[in-house]
Amino acid sequence: MIRTLLAILAGLVVAIALMLAMEALAAWLFPLPLDARIAGEEDLARVVAQAPPVKLALVLLGWCLAALAGGWVAARLSVARTSMAALAVGALIVGGVILNVMALPHPGWVIAGGLLLPLPLAWVGGLLARRRLPTRPRR
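If you use the numbering used here, the sequence shown corresponds to residues 4 to 142, in order.
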């Protein structure tokens with residue numbers, strides 16, 4: 004049980020690192036104007052609402068890659084309950100997406116992708132992490 008919880012935590016750390024990396028890439032490729040001032044949530048909401056679709060797609064891709072990789076790490080490190088560990092990471096990512104879209108306006112396609120894709124991708128990550136038993140060569 005403790006190993007599974009630590010595996011979920013490790014998967015979440017990997018997932019957050021990937022999300023931050025993708026958001027940094029999006030910010031580097033599509034920087035804010037030099038005269039942009041972000042003094043509060045209203046200014047941040049305006050910036051997100053005016054973001055180009057490609058920048059938002061990179062953020063969504065970050066959420067998806069985070070679910071896949073985080074699910075893989077959680078399942079790989081967990082001895083038992085590998086699918087549950089992977090899905091827990093996906094569920095935590097969906098929770099973060101819910102908090103994000105409640106705080107900032109996002110287009111419907113970003114919200115739909117952020118709510119629908121992380122759980123299946125975390126599950127796929129868990130499937131990819133399964134250890135395969137070595138097979139004996141045929142004689």
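Glycine included, each C-beta is placed from N, C-alpha and C at the ideal position.
Bear in mind the structure is a predicted one, so any value in this text is a computation, not a measurement.
Between the options, which lies nearest to residue i when the distance is taken from Cα to Cα?
i	options	result
Cys-67	Arg-6, Leu-119, Pro-36 and Thr-7	Leu-119
Leu-41	Phe-33, Val-51 and Leu-32	Checking the sequence shown, residue 41 turns out to be Ile, not Leu. Ranking the options by Cα distance to Ile-41, first place goes to Val-51.
Leu-122	Ala-18, Val-57 and Ala-13	Ala-18
Gly-117	Pro-36, Ala-94, Leu-131 and Gly-14	Ala-94
Ala-54	Leu-80, Pro-108 and Leu-124	Pro-108
Leu-32	Ala-125, Ala-20 and Ala-60	Ala-60
Ile-96	Pro-110, Leu-37 and Trp-126	Trp-126
What distance in whole Å lies between the Cβ atoms of residue j and residue i, which are believed to be in contact at a cut-off of 8 angstroms?
i	j	result
Val-92	Ile-5	Contact doesn't hold; Cβ gap of about 17 angstroms is too wide.
Arg-88	Ala-78	Reading off the sequence, residue 88 comes out as Ala, not Arg. Confirmed, about 5 angstroms.
Leu-21	Ala-69	4 angstroms
Using a Cβ cut-off of 9 angstroms (strictly closer), state whether residue i contacts chain B.
i	result
Leu-80	Reference to chain B is not applicable here, since this structure consists of a single protein chain.
Skipping 5 residues on each side, what residues in its chain have a beta carbon closer than 8 angstroms to that of residue i?
i	result
Gly-129	Gly-74, Trp-75, Ala-77, Ala-78, Thr-85, Ser-86, Ala-88, Ala-89 and Leu-90
Please report the distance separating the alpha-carbon of residue i from that of residue j.
i	j	result
Arg-133	Gly-43	45 angstroms
Glu-26	Ala-83	33 angstroms
Leu-47	Pro-140	60 angstroms
Lys-58	Ala-24	13 angstroms
Glu-45	Ala-106	10 angstroms
Leu-80	Leu-9	8 angstroms
Ala-29	Val-100	17 angstroms
Gly-65	Leu-102	16 angstroms
Glu-39	Gly-98	According to the sequence as given, residue 39 is Ala; it is not Glu. Distance between the alpha carbons of Ala-39 and Gly-98: 29 angstroms.
Val-104	Gly-111	10 angstroms
Might you give, ordered along the chain, the residues of its own chain that have their beta carbon closer than 7 angstroms to the beta carbon of residue i, omitting 5 neighbours on each side?
i	result
Leu-63	Val-113, Gly-116 and Gly-117
Leu-1	The first residue shown for the chain is 4 and the last is 142, placing residue 1 beyond what the model contains.
Who are the near neighbours of residue i in its chain, counting only those whose CB is closer than 6 angstroms to its CB and skipping five residues on each side?
i	result
Gly-14	Gly-73, Val-76, Ala-77 and Val-92
Leu-124	Cys-67, Ala-70 and Leu-71
Thr-7	Ser-81, Arg-84 and Ala-88
Is there at least one non-hydrogen atom of the ligand SAM closer than 8 angstroms to the beta-carbon of residue i?
i	result
Leu-122	Judged by which ligands are present, the structure shown has none, so any question about the ligand SAM falls away.
Exercise. Which ranges would you report for the alpha helix (DSSP H) in the segment 92–139 if only whole runs of at least 4 residues count?
Worked result: 111–119 and 121–131
Q.
Could you tell me which whole alpha helix (DSSP H) segments of length 4 or greater appear in the segment 40–91?
A. Qualifying alpha helix (DSSP H) stretches, in chain order: 44–52 and 56–80.
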